[in-house]
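Here is the structure we will look at, set down as structure tokens.
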Amino acid sequence: MPEQLVFAMEVTLNGLMTGVMYSLVALGFVLIFKASGIFNYAQGVMALFAAMTLVGIQDGRVPFAHIINEVLGTDIHYFGWEVPALLAILLTVLVMIGFALFVQKFIFRHLVGQEPIILFMATIGLAYFLEGVSDLMWGSEIRNLDVGLPQGINDTIDQVTFEIFGYGFFIDNLDLWATGIAAVLVAGLIAYAQYTKNGRAMRAVADDHQAALSVGISLNYVWILVWSLAGIVALVAGIMWGSKSGVQFSLSLIALKALPVLMLGGFTSIPGAIVGGLIIGVGEALFEFSIGPLIGGATENWFAYVLALVFLVFRPQGLFGEKIIERV
Amino acid sequence: MLDNASESYVTADGRKIGGVVMEMRNITLRFGGVVAIKDISFDIREGEIRAIIGPNGAGKSSMLNVISGFYHPQEGEVWYRGARRPAMKPFQVARQGIARTFQNIALFDGMSVLDNIMTGRLNHMSASFLDQALWWGKAQREEVKNRRVAEEVIDFLEIQNIRKTPVGRLPYGLKKRVELARALVAEPSILLLDEPMAGMNVEEKEDMSRFILDVNDEFGTTIALIEHDMGVVMDLSDRVVVMDYGKKIGDGTPDEVRNNPQVIDAYLGVAHD
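Line order of the protein sequences matches chains A and B.
Letter by letter, the first sequence follows residues 59 to 386 in this note's numbering.
Letter by letter, the second sequence follows residues -2 to 270 in this note's numbering.
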């Protein structure tokens, strides 16, 4: 087999797995957009906040330590214990649910029926607010996140591919895990939306508010539920990206990578977020591999957006989005 | 006509009409300076078909929206099952067993007919969050039971052949029937129908009338409906409230109402002197 082709295969595999990571972030957007028509700009910051909280709890950091020390003149930073990963994740989930309650009670409940652009502006405000809160609570240094996921090259794949192609593929264990977890998460979310009472209520609210009210669905409850789910998805994305490259401010910018994924997959489709993420992941990896060297590289910064633009021209609703039909 | 709220009687065609289940007392509803409903009182008895009629803009839909909690009157009281009902959100009213349809149809267009109808069963599900998430025990049993009720209603309304069709693709008349089905599976104690025959052709109207009568007959469901097609209403209902310009101008059996001079004036447009 020609060497170039083997390299291309490795690049494709890695691209697929990066794509899954993009999908994870995009999924959070889709959940909220479907149920409430809100494009949640804060999704990326939510991932940052969730990851920061997780690390903070794990390390036994004192939240708001800076303020506490400033006001009380003390010098405490740690509780002096370490929380096991699983318990810390559960506690972080509770924090994200608390965040969902807060957001619904103090912001979006008062904005029901407003124009989408106003709701969007509110989420921009929310993003910066949450960023500030995250800084205040846990500080802004880069943190190492380790929840016990295996990292580094997967030896089995390395050996097997070496025997077949005479060249061992470099596949990171973390990426494999991320793929598996994302698959389980997505399958779970789809089954949940399809077959459970709350899932059905979520879909009903996404479709028609008035009709949902008339069959006894509380909009408020469903929105809290949806923000909680988005918070949990943000946490998962935060864990994956955080384990990969450390928990730091740039984590909140992965939200921008989710945008082209959404344009491609459609804002209203969970499977769309997955396929969109995969296409972008593979597309940008292959483009960088094949064309990158000719034009000086770093195509990963812009390729996704150009691809999304091309899709926008031919399919404005995205691959899986609901058709936009306007009767005249 | 009965004066005693708890007394019951049997109609000419053998249906049993029970005591008062819902009572509107001196309801007044204003939108800014516009008075939509002016001091109206009437009651709804268990098992009857109660109609609210009147010309366009008479305040019929506003009245239905008061009953279903979409509007809250400035004055007056709503009594339900012998107790005064506090101001409630529409979803709370629905959970009390009052189901409704809408004049301009409010269905979930993206979902199939069956899924739409299943949303009507949401209040009959009580499985815990965890049961639902893991899809075991109570959640599974409930789903099976709810599915059975839904299928019964689907059979009853003769929409088996469109069960899996997305609602958005259906013609108008069928959408109305799906909306009725969704309200019915909730097993409501009162079913509110907002202009169930609006925009239908003669054949569809006949079908719908038959279904309304059958629902009432078969399940004993109390029905309150709004309509402005006089002919249809008179054939269907046990008692009729007539509204005009937000005021009640008649209340009684179809025959009584038909012979009420004020009602005749309102419908024929005779000038008052």
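Using N, Cα and C, we set each Cβ at its ideal position, and we do this for glycine too.
Should B/A2 and B/D40 be called a contact, given that it needs their Cβ atoms to be closer than 9 Å?
-> Residue 2 of chain B sits at position 5 when you count from the first residue of the second sequence. Residue 40 of chain B sits at position 43 when you count from the first residue of the second sequence. The answer is yes: Cβ separation under 9 Å.
Within chain A, the residues that B/R179 reaches when beta carbons sit closer than 7 Å = Locating residue 179 of chain B in the second sequence gives position 182, counting from the first residue. Within 7 Å Cβ-Cβ: V273.
If you drop the 5 nearest sequence neighbours on each side, which residues of the same chain put their C-beta closer than 8 Å to that of B/G54?
-> Here residue 54 of chain B corresponds to residue number 57 of the second sequence, with the count starting at 1. Only Y242 meet the Cβ criterion.
Grab me the residues of A/G324's own chain with a C-beta within less than 7 Å of its C-beta, minus the 5 sequence neighbours each way, in chain order.
-> Taking the first sequence and counting its residues from 1, the one referred to as residue 324 of chain A is at position 266. If we look at A/G324 and ignore the five residues flanking it on each side, its Cβ neighbours are G330, Q375, G376, L377, F378 and G379.
Of all the CB atoms in chain A, is at least one closer than 9 Å to the CB of B/T116?
-> Residue mapping note: residue 116 of chain B aligns to position 119 of the second sequence, counting from 1. Yes, contact with chain A.
Where the region 157 to 174 of chain A meets chain B: residues whose CB sits under 8 Å from a CB there = Contacts with chain B (Cβ-Cβ distance below 8 Å) from the region 157 to 174 of chain A involve no residue at all.
So the beta strand (DSSP E) B/R78 belongs to, where does it begin and stop?
-> Working through the second sequence from its first residue, we reach residue 78 of chain B at position 81. First-last for B/R78: undefined, no H or E at that position.
Would you mind reading off the limits of the alpha helix (DSSP H) that contains A/G334?
-> Along the first sequence, one-based indexing puts residue 334 of chain A at 276. Here the alpha helix (DSSP H) through A/G334 covers I328 to S348.
In whole angstroms, what is the alpha-carbon distance linking B/M(-2) and B/M21?
-> The count along the second sequence starts at 1 and reaches residue -2 of chain B at position 1. The count along the second sequence starts at 1 and reaches residue 21 of chain B at position 24. Bear in mind that a pLDDT of 45 at B/M(-2), under 50, signals an unreliable position, so the number given afterwards is only what the model happens to contain. Each residue's alpha carbon lies about 18 Å from the other.
For B/G44, count neighbouring C-beta atoms within 10 Å of its own C-beta (all shown protein chains included) and say buried if the count is 16 or more, exposed if not.
-> For the purposes of this step, residue 44 of chain B is taken as residue 47 along the second sequence, with counting starting at 1. Flag for B/G44 reads buried.
In whole angstroms, what separates the C-alpha of B/R255 from that of B/V230?
-> Here residue 255 of chain B is taken as the residue at index 258 of the second sequence, counted from 1. Here residue 230 of chain B is taken as the residue at index 233 of the second sequence, counted from 1. The straight-line gap from Cα to Cα measures roughly 11 Å.
Cβ-Cβ separation, A/K255 to B/M122 (assumed contact under 8 Å), whole Å = The count along the second sequence starts at 1 and reaches residue 122 of chain B at position 125. The count along the first sequence starts at 1 and reaches residue 255 of chain A at position 197. Contact annotation, B/M122 with A/K255: C-beta distance approximately 4 Å; criterion of less than 8 Å satisfied.
Mind checking whether B/V237 and B/I50 have CB atoms under 9 Å apart?
-> The sequence position of residue 237 of chain B within the second sequence is 240, counting from 1. The sequence position of residue 50 of chain B within the second sequence is 53, counting from 1. Cβ atoms of B/V237 and B/I50: closer than 9 Å.
Contacts around B/I151, its chain only, beta-carbon distance under 7 Å, and the 5 residues preceding and following it disregarded = One-based indexing of the second sequence puts residue 151 of chain B at position 154. For B/I151, where only same-chain residues beyond five positions count, the Cβ hits under 7 Å are I114, Q157, R160 and A178.
Taking Cβ positions only, does B/E99 come closer than 9 Å to chain A?
-> Stepping through the second sequence from its first residue, residue 99 of chain B is reached at position 102. According to the sequence displayed, residue 99 of chain B carries Phe and not Glu. Output row for B/F99: interface = yes.
In angstroms, rounded to a whole number, what distance separates the CA positions of A/I312 and B/L167?
-> Locating residue 312 of chain A in the first sequence gives position 254, counting from the first residue. Locating residue 167 of chain B in the second sequence gives position 170, counting from the first residue. Their backbone Cα atoms lie some 42 Å apart in a straight line.
Find the nearest neighbour of A/I213 within the set A/G95, A/E61 and A/L232, judged by alpha-carbon distance.
-> Reading the first sequence from its first residue, position 155 is the one you call residue 213 of chain A. Sequence check: residue 213 of chain A is Asp here, not Ile. Of the residues A/G95, A/E61 and A/L232, the one whose Cα lies closest to the Cα of A/D213 is A/L232.
Is the distance from the Cβ of B/L190 to the Cβ of B/T219 below 9 Å?
-> One-based indexing of the second sequence puts residue 190 of chain B at position 193. One-based indexing of the second sequence puts residue 219 of chain B at position 222. No.
Does DSSP classify B/N23 as helix, strand or coil?
-> Taking the second sequence and counting its residues from 1, the one referred to as residue 23 of chain B is at position 26. Looking at B/N23 - three-state DSSP - the assignment turns out to be strand.
Who pairs with B/A221 in a beta bridge, going by DSSP?
-> Here residue 221 of chain B refers to the residue found at position 224 of the second sequence. The partner list for B/A221 (beta bridge, DSSP) reads B/R47 and B/L189.
List, in order along the chain, the chain A residues whose C-beta lies closer than 7 Å to that of B/N120?
-> Translated into the one-based positions of the second sequence, residue 120 of chain B becomes position 123. Simply G274.
DSSP on B/E74, reduced to helix/strand/coil?
-> Sequence index remark: in the second sequence, residue 74 of chain B carries index 77 (1-based). B/E74 carries a strand assignment under DSSP once its states are collapsed to helix, strand and coil.
Are the CB atoms of A/G86 and A/N72 nearer to each other than 9 Å?
-> One-based indexing of the first sequence puts residue 86 of chain A at position 28. One-based indexing of the first sequence puts residue 72 of chain A at position 14. No, these two residues do not count as a Cβ contact at 9 Å.
Confirm, please, whether the CB-CB distance from A/F164 to A/L188 is below 9 Å.
-> Counting from 1 along the first sequence, the entry for residue 188 of chain A is found at position 130. Counting from 1 along the first sequence, the entry for residue 164 of chain A is found at position 106. Their beta carbons are not under 9 Å apart, which means A/L188 does not touch A/F164 by this criterion.
Kindly indicate which residue of B/Y68, B/G107 and B/K173 has the alpha-carbon position closest to the one of B/Q100.
-> Counted from its first residue, the second sequence places residue 100 of chain B at position 103. Taking only the C-alpha atoms, the option nearest B/Q100 is B/K173.
Backbone CA spacing between A/V161 and A/S198 [nearest angstrom] | Within the first sequence, residue 161 of chain A is the residue found at index 103, counting from 1. Within the first sequence, residue 198 of chain A is the residue found at index 140, counting from 1. C-alpha separation (whole angstroms): 23 Å.
Would you mind sorting B/S5 into buried or exposed? The rule is 16 or more other CB atoms within 10 Å of its CB.
-> Taking the second sequence and counting its residues from 1, one reaches residue 5 of chain B at position 8. So B/S5 ends up on the exposed side.
In angstroms with no decimal places, state the Cα-to-Cα distance between A/V83 and B/F28.
-> Sequence index remark: in the first sequence, residue 83 of chain A carries index 25 (1-based). Sequence index remark: in the second sequence, residue 28 of chain B carries index 31 (1-based). Here the C-alpha atom of A/V83 lies approximately 45 Å from the C-alpha atom of B/F28.
Measuring CB to CB, does A/L344 end up less than 9 Å from A/G334?
-> Walking along the first sequence from the start, residue 344 of chain A turns up at place 286. Walking along the first sequence from the start, residue 334 of chain A turns up at place 276. No, Cβ-Cβ distance for A/L344 and A/G334 is not below 9 Å.
For A/K315, return the contacting residues in chain B, with the cut-off set at a CB-CB distance below 7 Å.
-> Within the first sequence, the letter at position 257 stands for residue 315 of chain A. The premise fails here: A/K315 is roughly 28 Å from chain B at the closest Cβ pair, so nothing lies under 7 Å.
Proximity test, Cβ basis, 9 Å: A/Q62 and chain B = Your numbering for residue 62 of chain A matches position 4 in the first sequence. Contact of A/Q62 with chain B is not assigned, every C-beta pair being separated by 9 Å or more.
Note down, in chain order, each residue of its chain lying with its Cβ closer than 6 Å to the Cβ of A/W281, except the 5 sequence neighbours on either side.
-> The residue labelled residue 281 of chain A in the question sits at position 223 within the first sequence. Excluding five sequence positions before and after A/W281, the CB atoms of its chain that fall closer than 6 Å to its own CB belong to S94 and Q162, given in chain order.
Beta-carbon spacing of B/R47, B/S206 below 9 Å | Within the second sequence, residue 47 of chain B is the residue found at index 50, counting from 1. Within the second sequence, residue 206 of chain B is the residue found at index 209, counting from 1. No, they are not a contact pair.
Spatial neighbours of B/A147 in its chain, beta-carbon cut-off 7 Å, leaving aside the 5 residues before and after | Taking the second sequence and counting its residues from 1, one reaches residue 147 of chain B at position 150. For B/A147, same chain residues with a beta-carbon under 7 Å away, outside a window of 5 residues either side, are L111, I114, M115, R118 and V182 in chain order.
Three-state secondary structure (DSSP) at A/V205?
-> For the purposes of this step, residue 205 of chain A is taken as residue 147 along the first sequence, with counting starting at 1. In the three-state DSSP reduction, A/V205 falls in the coil class, being neither helix nor strand.
Residue span of the beta strand (DSSP E) that contains B/M240, given as start and end = For the purposes of this step, residue 240 of chain B is taken as the residue at position 243 of the second sequence. Per DSSP, B/M240 belongs to the beta strand (DSSP E) from R236 to D241.
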